[in-house]
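This report refers to the structure that appears directly beneath it.
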Amino acid sequence: MRQEHVILLNEQDQPCGTLEKYTAHTAATLLHSAFSCWIFNEQGQLLVTRRSLHKKAWPGVWTNSVCGHPQLGETTEAAIVRRARFELGADISDLTPVYPDFRYCATDPSGIVENEVCPVYTAHIVSQLQPNADEVMDYQWSNLEDVLSGIDATPWAFSPWMVMQVANNKARELLRKFANGN
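Residue 77 in UniProt numbering is what sits at position 77 of the sequence shown, and the numbering runs on without skipping anything.
Right, here's the structure in full:
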């Protein structure tokens, strides 16, 4: 995959430049565009992934199915499809926004800051998984209610963005509806 960048955003959340992805994430990360996607299988189970130890921020942390950054000229939906193929080796369908105005700022234990406008989507997997070991060190198909209970009981065991996403009651309910096929 070619070198990725992040699209920097100004105070009005409008694009105002780019930075190479790896160098953009520091102790003073500028606001930028991202996305998060929760992927479900035919049984309504959620794909939870554990970030590779090669990741700069939050290595080894359990999180939602796939995250990333749209590239210049790329829609968020196209970026999600691209990253699902790259990280998971999988094709997805039925992309549905569940928390389109999510944004957050969080600092990992090493001091790396995530500072993102990060719309949240759901999707269905439509192919076999072939995870990229540089991105995903482990994964599990899980009942959504079990994952939500785990997040509520042990939020420190999950990525902060995943915890913050389900703290929003509307997003939590939309995740449940998608998992249940509604």
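Don't be surprised by glycine CBs; every beta carbon is placed ideally from N, CA and C.
ILE151 and ALA157 have their C-alpha atoms spaced approximately 8 angstroms apart.
For PRO15, the uninterrupted beta strand (DSSP E) run begins and ends at 15-20, by DSSP. Here the segment 74-94 does not lie against the segment 103-117, with fewer than 3 beta-carbon pairs under 8 angstroms apart.
Judged by beta-carbon spacing, PHE40 lies beyond the 8 angstroms limit of GLY68, meaning their Cβ atoms are not closer than that value.
Annotation: GLU4 is outside any beta strand (DSSP E) and is labelled neither H nor E by DSSP.
Looking from the CA of GLN128, the closest CA among ALA84, TRP58, THR18, LEU8 belongs to ALA84. Going by C-alpha positions, LEU144 is about 21 angstroms away from PRO131.
Just measuring C-alpha positions, the residue of ARG172, ALA79, LEU8 sitting nearest GLU20 is LEU8.
The beta-carbon distance between GLU4 and GLN45, rounded to whole angstroms, is 29 angstroms. This is too long to meet the 8 angstroms contact definition. The bridge partners DSSP lists for VAL136 are ARG51. Taking 8 angstroms as the cut-off, the beta carbon of LEU53 is found no closer than this to the beta carbon of GLU77. Bridge partners of PHE35 according to DSSP: GLY68.
In the three-state scheme derived from DSSP, where H, G and I count as helix and E and B as strand, SER149 is classed as helix. Under DSSP, the beta-bridge partners assigned to VAL120 are SER36, TYR99. Rounded to whole angstroms, LEU175 and THR154 show a C-alpha spacing of 19 angstroms.
Residue environment: VAL126 is assigned as exposed (fewer than 16 neighbouring CB atoms within 10 Å of its CB, all protein chains considered). TRP38 has its alpha-carbon roughly 25 angstroms from the corresponding atom of LEU30. Under the three-state reduction of DSSP output, THR23 falls in the helix class. As the crow flies, the alpha-carbon of ALA79 is around 21 angstroms from that of MET137.
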